[in-house]
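Take a look at the structure set out below.
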Amino acid sequence: MTRFIADTMLGKLALWMRIMGFDVEYHNSIEDEALIERALVEDRLLLTRDTLLVRRRRLRGRVVFIESDHLEDQLRQVVSLFGYPEGGFLKRCLRCNTLLEDIDREAVKGKVPPYVYTTQKRFSRCPSCGRIYWAGTHREKMARRLKAILGKDLL
Ligand SMILES: [Zn+2]
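FYI, in our numbering the residues of the sequence shown are 3 to 157.
Rendered as structure tokens:
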């Protein structure tokens, strides 16, 4: 599966691609040179809104110009080029892009709000930053938004 790195202007796109299950590295503050270096070293395709960055020699064949300023159109462009990541919906840490691990409910006691602990059965955790995730209503909200944009049910 293609791995990506998004430029600083594409934070929202990076987040929504992670929600869908794409592997997308993102830094909200990074110099162009460092961004190019990360793309090459990590073998990631660079997504950018920067017309100068697109023309950089070192990135030949490893860069995609994102045409629109609007998230909806950006997501449609990504899907038209790369399709959907399989079975990846909400399987990544939205903060740091790491794949989540399932954890026992007992293990999150005291680490999530009591109401959440009482009402949720399944939890997962980011092995990198430690953030804990549960299904909740945001899951359906995100799926609904993606369905409205892309016409496909990812749940
Ligand atoms: Zn994380």
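Every residue gets a Cβ at the ideal spot worked out from N, C-alpha and C, and that includes glycine.
For clarity, every value in this text was computed on a predicted model and none was experimentally measured.
An exposed status is given to Cys-131, since fewer than 16 other beta-carbon atoms sit within 10 Å of its beta-carbon. Here Leu-157 is exposed, its C-beta having fewer than 16 other C-beta atoms within 10 Å. If you draw a 10 Å sphere on the C-beta of Ser-126, you find 16 or more other C-beta atoms in it, and that means buried. Between ligand 1 and the CB of Asn-99, the shortest heavy atom gap is smaller than 8 Å. The shortest C-alpha to C-alpha distance from Arg-64 to any of Lys-93, Leu-55, Gly-13 is the one to Leu-55. For Leu-47, the enclosing beta strand (DSSP E) starts and ends at 47-50. Counting along the chain, no alpha helix (DSSP H) covers Tyr-28; the unbroken beta strand (DSSP E) around it starts and ends at 26-28.
In the displayed model, Glu-108 falls within a helix according to three-state DSSP.
Take Ala-16, set aside five residues on each side of it, and the residues of its chain with a beta-carbon closer than 7 Å to its own are Ala-8, Val-26, Tyr-28, in chain order. Ala-137 carries a coil assignment under DSSP once its states are collapsed to helix, strand and coil. Across the structure, Arg-62 and Asp-34 are spaced so that their CA atoms are roughly 15 Å apart. The beta-carbon separation of Arg-141 and Leu-92, rounded to 6 Å, stays under the 8 Å limit for a contact.
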